[in-house]
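Protein chains in written order, with the working numbering: chain A, 1026 to 1146; chain B, 13 to 709.
Idealized CB from N, CA, C, for every residue including glycine.
Model, not experiment: these values are computed from the prediction.
Read the structure below first, then the notes.
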Amino acid sequence: MSKTVLTVDDSASIRSAIAFALQPKGYKVIQAEDGRAGLAALKANAVDMVITDLNMPNMNGIEMIRAVRSDRTLDGVPIVLLTTESQKEKMLEGKQAGAAGWIVKPFDEQKICAVVSKMIG
Amino acid sequence: MSMDSLKATFFAECEDLLDALSEGLAAMSDGTADPETVNAIFRAVHSIKGSGGAFGLEDLVSFAHIYENVLDQIRAETLDVTPAVMKTVLRASDVLAALVEEAHAETGQQPEAMAAVKAELTALSSVGGASSESGLEDAFSFEALPFEAIELSDLGDLGDAGELTGDARYQITFKPERALYENSHDPVILFMALADLGDVVVECDTDALPVLADIDPAESYLSWTVTVSGDVSREEIGAVFEFVEGLCTLEIALEETETLPPVGDAVEPDGAVDAPITAAGPSEPAGKARQSAPQSKRPTLRVDPDRVDRLINTVGELIINQAVISQKVVASGIAQNSDLMADLDDYGFLARDIQEGVMAIRAQPVKPLFQRMARIAREAGDATGKDVNFVMEGEMTEIDKSLVERLTDPMTHLVRNAVDHGLETGDERRAAGKSSQGQLCLSAEHRSGHVMITVRDDGRGLNREKILAKAIERGLVAKDAKLSEAEIDNLLFAPGFSTAETVTNLSGRGVGMDVVLTEIQSMGGRIAISSEPGKGSEFSISLPLTLAVLDGMVVTVAGQTLVLPLSCIIETIRPRTGDIRPLGPNGHVLSIRGAFVPVVSLGAILGLDNSCVDPESSVLVHIQSGGANPVAVSVDDISDQRQVVMKSLEANYGAIPGVSAATILGDGKIALIVDPDAVSKMAIEADETPITFELEI
């Protein structure tokens, strides 16, 4: 049974890059373009892990994490933030909101795969 | 999904971001920027960096990084935006755009200005760098710094030295906090990761576990002691626990190993036992207000242009179908004022509404194109040392997206030319009594079904004597030719013509104005020059609003129905006796307002009818297209004027000289669309051949 990773990012190329990195490793990747869509996708699919951007329209990454953590049907899913080194305070905020980890942009395939296997094996 | 389509998405995204960047920067230099503008600029550069990293574009990422630092300081108001700073920031956006282009073209080259601008940015970031905190951040994050690389390799050497002494053994005490579980971490996965590093012994401490009745299922009661032995470094172990820092009490201690060297090599500078890691990650003050920008981006839809093209095509067919039905209904004898006819009219209006709507999907403002030209003008100004004031007018004018893309190259050429050849240097301008700053104005406007784009400078104007002399020297015109001003100006578009005495590295990049003309004509457009010595020149490009639909005049020639593009038609004439004068054995010319225009039979040119029709009994259509000379084509009759949907002949059948495409008319008949440019060229060739023969005899 392959594991499902949800990538939430308003940049289609980032989403595709993540899918491109993870699919060959046997992960199923679904995509959402903002926090709101991400939340909907989480409810509609059995998701094993979430990789989310911070800065997105409609609902940003932190807000989405808070929403997930306060929803009893979803709160167990590990969520990893895509951050940048210039946003360390954001990273902290994310952690306080309930993010499990972070991937620092710019990222590469290995980094993504390493983090995903670190979180869900 | 392939890597290629992945990259295509990335570059499309970059284009949008670069547009947003130049838009923001334009507002900044106008002084109309608000804090959100600066945020938007920062975000654009930031996103390009973020995505660029995913594609391993190191130059792009490292440049964007320094750029971002400077923008960050502007955002935090630790750096004042002086004109000098603004200039550097603008130049940096040019370099960034160039880097994206290079990455797209995969040339592997670095933009020329990159090193210089990078140095300027670095200088700026250290000037404004004020807060030591951001300086620290740079030192930690900017991998491209050479010092950093040396330190890293030194660390590596240390590690190697450690390895030489044999396997290490670490004892790890790990006590998760409640938050660790709340953030959905699983200790088992951490232990499994440790097991990948070496031999692992895990002991669980259950002492803190209360009696069952008191257990809070969300609380953390367990702690573990893990011993890892093997060829492993402290960094590797630390990395396993990276994400749980701050969510647990963690101690990593190096135990003695059998082969430990006797001297204090193994004594870590910070003691054998690390301080418990309780501070969460970096120690940057969390409360510092680095606002996340409010999201003002409108949601947009990214659609494959092919789909829109298919839709446009289908809507075109729908309109034709409506026309066919109308004609059939009329032919069936139903009264014009019947309900059915009214409904049919409604059907027609609705179809046209849909068509306009679909066209609007493809329409986009010329603003991004103009902004790109502003960049070109700036670059050109820098390269030639000329001070250029770039002005845009009507930049919100919308044109078909495919036209925007295809206009980039010709416009670039025109703008470079205007700066390089058109505008004078500051000294020359002052001597001529002008302000030392040259004006370059790009404007766009809709004009009766066309869009007019002009590139206007207030420079020295065209030097017609020089142009004529050069054309004679190049053998483009006869020595004793008498040419009108407009004809001389049009020589610029002749293949192989270049006015620059020496090819500058700016405009002289291989393509000439003839390429500009060809490109504009291939879009169904026209280009015209007007110039006044000492006052400046203006190049006006007139383009159809879309490539898919054409306003045409339906004519009949030798029993065939043809369509002439309305854009090329100057007038239609039913000649009076005396208007047509014979020239040569078969030729005729039309005398019109004192000028003579060659008369050609459209039927003969297209090979439909070789019999010589008396031009006086036919209808003449006076056409001129692009740089070609005007001709009067004779047709049997003019039957209609209508919008037609162009269908490529080349894609479905093959290229026919003199015919650009085909269309389906209201009655279901297929009509060929005449290529006026080709027809006038063919007419001139056909005309010249017999004369040459006569001379040879």
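Q.
For Ser74(B), count the other beta carbons within 10 Å of its own beta carbon; 16 or more makes it buried, fewer makes it exposed. Which is it?
A. With 16 or more other Cβ atoms within 10 Å, it is buried.
(Q) So, at 6 Å on beta carbons, what are the nonlocal neighbours of Gly360(B) in its own chain, with the 5 sequence-adjacent residues on each side left out? (A) If we look at Gly360(B) and ignore the five residues flanking it on each side, its Cβ neighbours are Gln334.
(Q) Could you tell me the alpha carbon to alpha carbon distance between Asp621(B) and Glu662(B), rounded to whole angstroms? (A) In this structure, the CA atom of Asp621(B) is about 23 Å from the CA atom of Glu662(B).
Q. Where do the ends of the beta strand (DSSP E) carrying His458(B) lie?
A. Unbroken beta strand (DSSP E) run through His458(B): 450-459.
Q.
So Lys1028(A) contacts chain B; which residues on that side make the cut at Cβ distance below 8 Å?
A. The premise fails here: Lys1028(A) is roughly 12 Å from chain B at the closest Cβ pair, so nothing lies under 8 Å.
Q.
Any beta carbon from chain A within less than 8 Å of Gly258(B)'s own beta carbon?
A. With its beta carbon less than 8 Å from one in chain A, Gly258(B) belongs to the interface.
Q. What's the C-alpha gap between Gly64(B) and Leu83(B)?
A. Put simply, the backbone Cα of Gly64(B) is about 18 Å away from that of Leu83(B).
Q. In chain order, which alpha helix (DSSP H) runs of at least 4 residues are fully inside the stretch 376-411 of chain B?
A. Runs found: 379-396.
Q) So the beta strand (DSSP E) Met1074(A) belongs to, where does it begin and stop? A) Per DSSP, Met1074(A) belongs to the beta strand (DSSP E) from 1074-1078.
Q: Compare the beta carbon distance of Thr1077(A) and Leu1107(A) with 8 Å and say whether it is the shorter of the two.
A: Against a cut-off of 8 Å, the Cβ pair of Leu1107(A) and Thr1077(A) comes out as a contact.
Q) If you count every other CB in all the chains shown that lies within 10 Å of the CB of Ile581(B), and 16 or more means buried, which is it? A) So Ile581(B) ends up on the buried side.
Q: Hey, could you find the ends of the alpha helix (DSSP H) Ile713(B) is sitting in?
A: As shown, chain B starts at 13 and ends at 709. That puts residue 713(B) outside it, with no answer to give.
Q.
So that I know if they touch, is there some Cβ in chain A lying closer than 8 Å to that of Gly65(B)?
A. Taking Cβ atoms only, chain A reaches closer than 8 Å to Gly65(B), which makes this a yes.
Q: Measuring alpha carbon to alpha carbon, tell me which of Asp1133(A), Met1144(A), Ile1145(A), Val1140(A) ends up nearest Lys61(B).
A: The residue with the shortest Cα to Cα distance from Lys61(B) is Asp1133(A).
Q: Show which residues of chain A have a CB atom less than 7 Å away from the CB atom of Phe22(B).
A: Under the 7 Å cutoff, chain A gives Ser1038.
Q) Thinking just about the alpha-carbon of each residue, which of Pro123(B), Asp358(B), Ala347(B), Gln367(B) is nearest to the one in Arg4(B)? A) Absent from the model: residue 4(B). The displayed extent of chain B is 13 to 709, so no value can be given.
Q | Reference Glu436(B), options Val327(B), Ile331(B), Arg654(B), Lys398(B), closest by Cα | A | Taking only the C-alpha atoms, the option nearest Glu436(B) is Lys398(B).
(Q) Output needed for Glu6(B): all residues of its chain with C-beta closer than 6 Å, excluding positions within five of it in sequence on either side, in chain order. (A) A query on residue 6(B) cannot be resolved here, the shown segment of chain B reaching from 13 to 709 and no further.
Q.
Please list the terminal residues of the continuous beta strand (DSSP E) segment that includes Val1054(A).
A. Per DSSP, Val1054(A) belongs to the beta strand (DSSP E) from 1053-1057.
Q) In chain B, which residues lie less than 8 Å from Ala1124(A) when you measure between Cβ atoms? A) By Cβ distance, chain B contributes Asn195.
Q. Hey, Ser646(B) and Ser630(B) are a contact pair by Cβ (cut 8 Å); roughly how many whole angstroms apart?
A. At roughly 4 Å, the Cβ-Cβ gap stays under 8 Å, so Ser646(B) and Ser630(B) are in contact.
Q: Kindly indicate if chain B contains any beta-carbon less than 8 Å away from that of Thr1077(A).
A: Answer no: the Cβ-Cβ gap between Thr1077(A) and chain B never drops below 8 Å.
Q: Pick helix, strand or coil for Tyr79(B), following the three-state DSSP scheme.
A: If DSSP states are grouped into helix, strand and coil, Tyr79(B) belongs with the helices.
Q. Under a CB-based cut-off of 8 Å, is Ile264(B) close to chain A?
A. Using a Cβ-Cβ cut-off of 8 Å, Ile264(B) does not count as an interface residue toward chain A, since no Cβ of chain A sits closer than that to its own.
Q: Could you name the residues of the same chain whose beta carbon sits closer than 7 Å to that of Arg87(B), not counting the 5 residues immediately before and after it, in chain order?
A: Its chain contains Val50, Asn51, Phe54 as the residues whose beta carbon lies nearer than 7 Å to that of Arg87(B), once the 5 sequence neighbours on both sides are disregarded; these appear in chain order.
Q) At a CB-CB cut-off below 7 Å, which residues of chain A make contact with His116(B)? A) Simply none; closest approach about 13 Å.
Q: Report the residue from Asp365(B), Asp563(B), Gly393(B), Leu426(B) whose alpha carbon sits nearest the alpha carbon of His462(B).
A: Ranking the options by Cα distance to His462(B), first place goes to Asp563(B).
Q. Which stretch, first to last residue, makes up the alpha helix (DSSP H) that contains Asp439(B)?
A. Looking at the DSSP string, the run of the alpha helix (DSSP H) that includes Asp439(B) is 438-443.
Q | Leu224(B) - partner residues in DSSP beta bridges | A | Paired residues: none, contrary to the question.
Q: Name, going along the chain, the residues of the stretch 1082-1103 of chain A whose beta-carbon falls closer than 8 Å to a beta-carbon of chain B.
A: Here the close residues are Pro1082, Asn1083, Asn1085, Arg1094, Asp1100, Gly1101, Val1102, Pro1103.
(Q) Against chain B, does Ala1042(A) count as a neighbour if the rule is that its beta carbon must be under 8 Å from one of theirs? (A) Judged by the 8 Å Cβ criterion, Ala1042(A) is in contact with chain B.
Q: Could you name the residues of chain B that Thr1109(A) contacts, counting a contact when the two beta carbons are closer than 8 Å?
A: Contact annotation for Thr1109(A) against chain B: His58, Lys61, Gly62 [CB-CB distance below 8 Å, chain order].
Q: Using DSSP bridges, identify the partner residues of Phe551(B).
A: Paired residues: Val467(B), Ile541(B).
Q) Which chain A residues sit within Cβ distance under 8 Å of Phe75(B)? A) The premise fails here: Phe75(B) is roughly 12 Å from chain A at the closest Cβ pair, so nothing lies under 8 Å.
Q. When we look at the beta-carbon of Arg459(B) and count the other beta-carbons within 10 Å, is it buried (16 or more) or exposed?
A. Its Cβ having fewer than 16 others within 10 Å, Arg459(B) is exposed.
Q: Could you work out which residues of chain B lie near Gly1146(A), taking near to mean beta carbons separated by less than 8 Å?
A: Per Cβ cutoff of 8 Å: Ile201, Met204.
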